[in-house]
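Input: a single structure, listed below in structure tokens.
Here it is in structure tokens:
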């Protein structure tokens with residue numbers, strides 16, 4: 003079965019540093035998403051991306067966050083100046099259809115720890 | 042406010058037993074409801090997706106039900122196996138909008154031998 007891959011699986015960084023989380027969506031998918039899950043809490047929507055631009059974003063996705071699809075295969079989430087509260091598992095997802103359609107495929111996540 | 046509530050928060054059962062997980066939602070307008078299985082440290086994996094007109098859908102030992110009138114869904118697991126130990130997350134989608142994909146907090150299921 004096709005899968006969304008994310009790297010790295012774990013990222014430790016100092017507060018104030020920039021981090022880039024990387025994702026390779028399923029090749030024929032057109033819609034891409036980032037979610038996060040703080041330990042013990044619900045999965046939360048961050049941003050959706052289509053046709054090389056942001057389609058929707060949540061209140062969490064402030065000016066410290068940005069997304070990019072630099073080369074047609076990778077989909078990245080950048081946090082410019084990390085804060086302690088950014089510590090979470092970040093999931094990338096992709097789908098053929100808007101909103102997920104029949105299936106929304108998730109990657110295994112990147113565990114981000116901000117010290 | 043769009044919300045998805047799941048119960049119980051956690052559940053422990055013996056291998057081979059059946060169990061039922063509950064999901065109540067207040068998401069409107071409703072598009073579809075999904076159940077995901079999330080192993081510790083992994084991304085959610087889709088089990089079932091149900092639209093407004095569907096009452097029951099099965100995927101192997103997993104059977105999901107939906108009552109759109111009462112806004113309730115359940116996930117029934119038959120003849121549980123150790124590998125069923127995971128969090129089960131109910132997700133409700135309001136039309137096809139990425140920002141209206143509402144996740145429940147999940148039920149943490151532990152299967153004991």
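Residue numbers (this note's numbering), protein chains in the order written: chain A, 3 to 117; chain B, 42 to 154.
Every residue gets a Cβ at the ideal spot worked out from N, C-alpha and C, and that includes glycine.
Just measuring C-alpha positions, the residue of B:60, B:69, B:126 and B:59 sitting nearest residue 44 of chain B is B:69. Counting along the chain, no beta strand (DSSP E) covers residue 69 of chain B, and no H or E run does either. The C-beta of residue 85 of chain B comes closer than 8 angstroms to at least one C-beta of chain A.
Under DSSP, residue 6 of chain A forms no beta bridge with any residue.
In this structure, the alpha-carbon of residue 66 of chain A lies about 23 angstroms from that of residue 142 of chain B. Here residue 98 of chain B carries a strand assignment [DSSP, helix/strand/coil]. According to DSSP, residue pairing for residue 46 of chain B in a beta bridge involves B:65.
In this structure, the straight-line span from the alpha carbon of residue 118 of chain B to that of residue 127 of chain B is close to 12 angstroms. Between residue 108 of chain A and chain B, the shortest Cβ-Cβ separation is below 8 angstroms. Take the alpha-carbon of residue 80 of chain B and the one of residue 54 of chain A: they are about 31 angstroms apart. B:76 is the residue among B:84, B:53, B:76 and B:52 whose C-alpha sits nearest the C-alpha of residue 99 of chain B. In the DSSP assignment, residue 150 of chain B is bridged to B:52 and B:127.
Between residue 60 of chain B and residue 115 of chain B a beta carbon distance of about 10 angstroms is seen, past the 8 angstroms cut, so the two are scored as non-contacting.
If you ignore the 5 residues before and after residue 12 of chain A, its C-beta comes within less than 6 angstroms of the C-beta of 113, all in its own chain and listed in chain order. Here the alpha carbons of residue 16 of chain A and residue 97 of chain B stand approximately 48 angstroms from one another. Not a single CB atom of chain A sits nearer than 8 angstroms to the CB of residue 69 of chain B. The residues 148, in chain order, have a CB closer than 7 angstroms to that of residue 49 of chain B in the same chain once the five nearest residues on each side in sequence are set aside. Not a single C-beta of chain A is nearer than 8 angstroms to the C-beta of residue 128 of chain B.
Annotation: Cβ neighbours of residue 145 of chain B in chain A (cutoff 8 angstroms, chain order): 44. By the neighbour-count definition (other C-beta atoms within 10 Å, threshold 16), residue 29 of chain A is an exposed residue. Counting of Cβ neighbours within 10 angstroms places residue 130 of chain B among the buried residues, the total reaching 16 or more. The beta carbon of residue 51 of chain A is closer than 6 angstroms to those of 34 and 69 in its chain, skipping five residues each way along the sequence.
Not flagged as an interface residue toward chain A: residue 118 of chain B, since no C-beta distance is shorter than 8 angstroms.
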